[in-house]
Amino acid sequence: MVEDPSMPAAAKAEEAPLPLPSRLALAGRRFNAWWEGYDFNEAAERAHLLRRRTMSSESQRFAVHQEIAQAIWGEGRFDPGDAAWTMRHARTLGADLKASVVVLGAGAGGPIRDLKNGTRWKLSGYARLEERMKSLDVSPYEVALQRINRAAADAGLCFFELHRDADPAMIAMFAAELVRANAAFVFVDFTLARKGARLKSCFADPWDGAPRGADQVADMLDKSGFRVGDRNDETRAFLPLITRGWARWRNAYDRAQDSPKSGQRTDYLRALGAYAHLWAERLDAMKSGQLQVTRFQARRKG
């Protein structure tokens, strides 16, 4: 069939052949429509199946990147870190012995596990996950937004979430909703070390984002319900966590080579190479004074 250049993209998608599982699903929907006695809209059903397939593909792709991150930084971590790094920031909260503490950017539970081993706090976490981790009480943001436990926590931590969101104020306002008035909240994130720095290569899909200057972040937090106190440059403490992770790249590479399916192996190696390049760019940007890691110590207004 000769492709018609004037055909809209949506129409082309409708004409595209479906893979076998989707064709079987379409046949099942057609039969169900006949059996139940309602009109069968094939175009709408095809579009629905194609959307589901695309979402499933994106989900699998992001899962691969999260697997790679954990292979490099350690189980449960989507960013460089260790127990000492987590506790370094947790101690600045000054929270009571049995305080209730929330953690944003909890990864796959790594920071929560650090805090469980180092404190007696009651902990809950939120992260960019597909489903809830019951064992460590880490929930996807989408689930949390449906039922916010307002003003329930005594303090909070947020690791590297502000730069990831197109609207970081929404993350900050969500954080403000979680804690009581005057509660301490510590935000640790990438910030621009100098105005006009070009760091697009440091924040590429699917780990994209847009760091802002420290003054901009402080102003945004203030408008989102927090009083910002001290700001600390944590770059020097963060750099060794990256260099330590390089030692695990070989393990991640060996894991990819062990995959029995060549297609999966190729995809994994491609993602691993892109991730290595991403962190090499970030490391260079931090060493050259363009990018830094900043800790903001804040308190909930009210």
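For any residue, its number in my numbering is found by taking its place in the sequence shown, counting from 1, and adding 6. Beta carbons are placed, not taken as given, at the ideal position from N, Cα and C, and that holds for glycine. These figures come from a predicted structure and were not determined experimentally.
Take G295, set aside five residues on each side of it, and the residues of its chain with a beta-carbon closer than 8 Å to its own are A199, R200, in chain order. Assignment of beta-bridge partners to F193 by DSSP yields C164, F302. The closest CA to that of A187, considering only D239, R170, A157, is found on A157. Cβ neighbours of M93 within its own chain (closer than 7 Å, five residues either side excluded): D120, G124. Following the DSSP letters along the chain, one finds F244 inside the alpha helix (DSSP H) bounded by residues 241-252. Here DSSP, grouped into helix, strand and coil, assigns Y132 to strand. Distance between L99 and V108, taken at the CA atoms: about 12 Å. In the three-state reduction of the DSSP assignment, G231 falls in the coil class. Distance from the CA of Q152 to the CA of L135, rounded to the nearest whole angstrom, comes to 15 Å. Per DSSP, R200 has no beta bridge partner at all. The C-beta distance from A150 to Y132 rounds to 5 Å, short enough to meet the 8 Å contact threshold. Contact check for F191 against H169 fails: the beta carbons are separated by 7 Å or more. With fewer than 16 other beta carbons inside 10 angstroms of its own, D214 counts as exposed.
For L151, the uninterrupted alpha helix (DSSP H) segment begins and ends at 147-152. Its chain contains I154, R156 as the residues whose beta carbon lies nearer than 7 Å to that of E183, once the 5 sequence neighbours on both sides are disregarded; these appear in chain order.
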